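Trainee:
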Amino acid sequence: MLLNVNQVFIFMVIMARSIGLFLTAPFFSNRIISRTAKIGLIIWITITLWFVVPVPKTFMVGAFLPLILVLMQELFIGIMLGTVAELLFAGIKAAGEIIGMQMALSVASTFDPAEGGQESIITTLYQNILMILFLIVDGHHLLLVALRKSYDVLPMFNTWNFAMAGRSMAELAGGIFAIGISLAAPIVLVIFLLDFAFGLVSRVAPQVNVFQLGFQVKPPLGEAVLLLTAPFLVERMVFLLSRTIEELTRFFYLMHM
Numbered sequence: 032m033l034l035n036v037n038q039v040f041i042f043m044v045i046m047a048r049s050i051g052l053f054l055t056a057p058f059f060s061n062r063i064i065s066r067t068a069k070i071g072l073i074i075w076i077t078i079t080l081w082f083v084v085p086v087p088k089t090f091m092v093g094a095f096l097p098l099i100l101v102l103m104q105e106l107f108i109g110i111m112l113g114t115v116a117e118l119l120f121a122g123i124k125a126a127g128e129i130i131g132m133q134m135a136l137s138v139a140s141t142f143d144p145a146e147g148g149q150e151s152i153i154t155t156l157y158q159n160i161l162m163i164l165f166l167i168v169d170g171h172h173l174l175l176v177a178l179r180k181s182y183d184v185l186p187m188f189n190t191w192n193f194a195m196a197g198r199s200m201a202e203l204a205g206g207i208f209a210i211g212i213s214l215a216a217p218i219v220l221v222i223f224l225l226d227f228a229f230g231l232v233s234r235v236a237p238q239v240n241v242f243q244l245g246f247q248v249k250p251p252l253g254e255a256v257l258l259l260t261a262p263f264l265v266e267r268m269v270f271l272l273s274r275t276i277e278e279l280t281r282f283f284y285l286m287h288m
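Converting from the sequence shown to the numbering used here requires adding 31 to each position, the first position being numbered 1.
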């Protein structure tokens, strides 16, 4: 079958939305995955979708500027799809940062190749646990299904309400700190009680160096609480992953308003 200009442009439009998803979505945007593998996967997904996504029968390649705007819109839709899921991951990262700071482990930072920066060991632990759960529940397949379904809900060459969807994503981003606090609450409470006890000790025995003593007591105490609350942590993470479906559904609905 010979390809014409219309079919080639359809391929480019589908690839634009796929690239947007790979730029922001969990797992797919991970820097550990090589760029060659990402490019190959994007091309393979685009070819697969090329034969199944609905295309207007009256579509014809026209002026250059409108075509660029179509590509930008498709890229933006893919970016927003991936960001909806990534925002929930950001809440887990916030919890790790809060716990690492409370356990006096913020100075024990390591380089995370997936993020390209320094992170506390608790943050890295939380992200690894969440990524494992994400793969176990087939979260990566869920995102690919969402990408496929997005063409049924948000067909190509239409105009969508990005303002409402962007406002919803801003509200979701505002809940990142609340997610972090909810996951870090047990350890934060225990460390707070420990700091309160150290405050009483410093008043009763000022010669005791409570600052140095805190660096020796907080890490093992935090680790003990972390082990005790591990079942709650995993259950909460699974709940947050299940919210991804709800948020993606809400995103599709708001784009039509």
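Backbone N, C-alpha and C define an ideal beta-carbon position, used for all residues, glycine too.
Fair warning: this is a prediction, and the values are worked out from it, not measured in the lab.
1. Under the three-state reduction of DSSP, which class applies to SER151: helix, strand or coil?
2. How do the region 97-113 and the region 253-266 stand: do at least 3 beta-carbon pairs fall below 8 Å, yes or no?
3. Rounded to whole angstroms, what's the CA-CA distance from LEU112 to HIS287? Just pull it up for me.
4. Is PRO262 helix, strand or coil when you go by DSSP?
5. Quick check: the Cα distance between ALA216 and TYR157, rounded to an integer number of angstroms?
6. Can the beta-carbon of ILE210 be found closer than 8 Å to that of GLN133?
7. Return the chain-ordered list of same chain residues with a C-beta closer than 7 Å to the C-beta of THR154, the five sequence neighbours on each side being excluded.
8. Does the beta-carbon distance from VAL239 to VAL248 come in below 8 Å?
9. What does a CB cutoff of less than 7 Å around MET32 pick up in its chain, not counting 5 residues either side in sequence?
10. Need the endpoints of the alpha helix (DSSP H) that VAL39 sits in, please.
11. Counting along the chain, where does the alpha helix (DSSP H) carrying ILE63 start and finish?
12. Near ILE276, what residues of its chain come up, given a Cβ to Cβ distance below 8 Å and the 5 sequence neighbours on each side ignored?
13. Just checking my contact of GLU105 with ALA47 at CB under 8 Å: how many whole Å lie between their CB atoms?
14. In terms of residue numbering, what span does the alpha helix (DSSP H) encompassing PHE188 cover?
15. Let me make sure I understand the geometry here. Which of PRO186, ARG179, GLU150, SER60 has the alpha-carbon closest to that of THR114?
16. What are the boundary residues of the alpha helix (DSSP H) that includes ASP183?
17. Short check: CB of PRO186 to CB of PRO85, under 8 Å?
18. Which residues in the same chain have their Cβ closer than 7 Å to the Cβ of VAL289, if we skip the five residues on either side of it in sequence?
19. Could you give the C-beta distance for PHE229 and ALA135, rounded to a whole number, given that I count them as a contact under 8 Å?
20. On the CB-based measure, 16 or more other CB atoms within 10 Å of its CB, does LYS180 come out buried or exposed?
21. How would you label MET200, buried or exposed, when you count the other beta carbons within 10 angstroms and need 16 or more for buried?
22. Taking a contact to mean a Cβ-Cβ separation below 8 Å, would you say VAL168 touches ILE218 in this structure?
23. To the nearest whole angstrom, what separates the beta carbons of ILE110 and THR55, a pair I think is in contact under 8 Å?
24. Rounding to the nearest angstrom, what Cα-Cα distance links ILE41 and TRP81 in this structure?
Mentor: The relevant details are as follows:
1. strand
2. no
3. 15 Å
4. helix
5. 15 Å
6. no
7. LYS124, GLY127, GLU128, GLY131
8. Not closer than 8 Å, so no.
9. In this prediction, MET32 scores a pLDDT of 49, lower than 50, which makes its location untrustworthy; the coordinate-derived value is nonetheless stated afterwards. Correct list: empty, nothing qualifies.
10. 36-55
11. Segment: none, ILE63 is in no alpha helix (DSSP H) and carries neither H nor E.
12. LEU173
13. With a beta-carbon spacing of about 4 Å, GLU105 and ALA47 fall inside the 8 Å limit used to define contacts.
14. Per DSSP, PHE188 belongs to no alpha helix (DSSP H) and is neither H nor E.
15. SER60
16. Per DSSP, the continuous alpha helix (DSSP H) segment holding ASP183 begins and ends at 170-184.
17. yes
18. The chain is shown only over 32 to 288; residue 289 falls outside these bounds and no answer can be derived.
19. Contact flag wrong, Cβ pair sits at about 12 Å.
20. exposed
21. buried
22. no
23. 5 Å
24. Rounded to the nearest angstrom, the gap between the Cα atoms of ILE41 and TRP81 is 7 Å.
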